[in-house]
Amino acid sequence: MQSDHPNFNYPPFPQTLEDLELQYKREAMELARIRDTEEDEENCKHREALREIWESHTKKAATLMGTHANMWDEFLRVEGQRRQETRLQVPAVGFGGYKQSGYVELNTSSGNPHHSGDVMHSRGRYPNAVDHGYPYEDFQRQRRDDFGRPYHRY
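Quick note, the sequence shown lines up with residues 883 to 1036 if you use the numbering used here.
#1: Express the C-alpha separation of arginine 933 and asparagine 925 in angstroms, rounding to a whole number.
#2: So, with DSSP's three-state summary, where would you put glutamine 971?
#3: I need the straight-line Cα distance from alanine 951 to alanine 944, nearest angstrom please.
#4: If you draw a straight line from the alpha carbon of arginine 917 to that of leucine 899, how long is it in whole angstroms?
#5: DSSP state of threonine 898, grouped into three classes?
#6: What number of angstroms, rounded off, separates the C-alpha of glutamate 912 from the C-alpha of leucine 946?
#7: Quick check: what's the CA-CA separation for arginine 908 versus glutamate 930?
#8: How should methionine 883 be labelled, buried or exposed, when 16 other C-beta atoms within 10 angstroms of its C-beta is the threshold for buried?
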C-alpha cells in the first residue's frame, strides 16, 4: 500500500495488532527516556543554582560572623578600658575616712555595727516588729463574716 502523498509512508505489508503494540511500547519507552533525560538536566541546573545560593549564603554568614566577632572584641576592649579607668578613679575599698553624716550609728567610733562584733537583733533594729500576729484561721473567718454582713447573707 503505497500512498501518493509523500508524508504518509505505509509499510508494504499490513501490520498485525501485536506489531502495533510493540511499536507503541518502543515509542513510549523512548519518550520516557527523553523525558527522564530532560528532567535530569533540569534537576542538575536546580542543584547547581542551590549550590551557588548556599555558597553565597555561607560566605555572607562567615563575613557577618567575622564582623560580629570584631565588634565584640572592640566592645570588650572598650568596656575593659572603661572599667580600668573607673577603677583608677575610685579610691580604695572602704572609701578611706568617708563618713555618712545622715546616719548616727555609722558616725560612732565603732564604725559599722556589722563589722564591730556587736550582736544585732532584728527586734531591736526594727521597733515596730510584729510580735502578735493573727492566726490564719481567724483571718479567714473574719473575712467570710465581713463578706456576708453587707449582703445580709450567711
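The beta-carbon is built from N, C-alpha and C at its ideal position, and this holds for glycine as well.
This is what the structure holds:
#1: 12 Å
#2: helix
#3: 10 Å
#4: 27 Å
#5: coil
#6: 51 Å
#7: 33 Å
#8: Since pLDDT at methionine 883 reaches only 49, below the 50 mark, its modelled position is unreliable, and the value read off the structure follows with that caveat. Methionine 883 comes out exposed.
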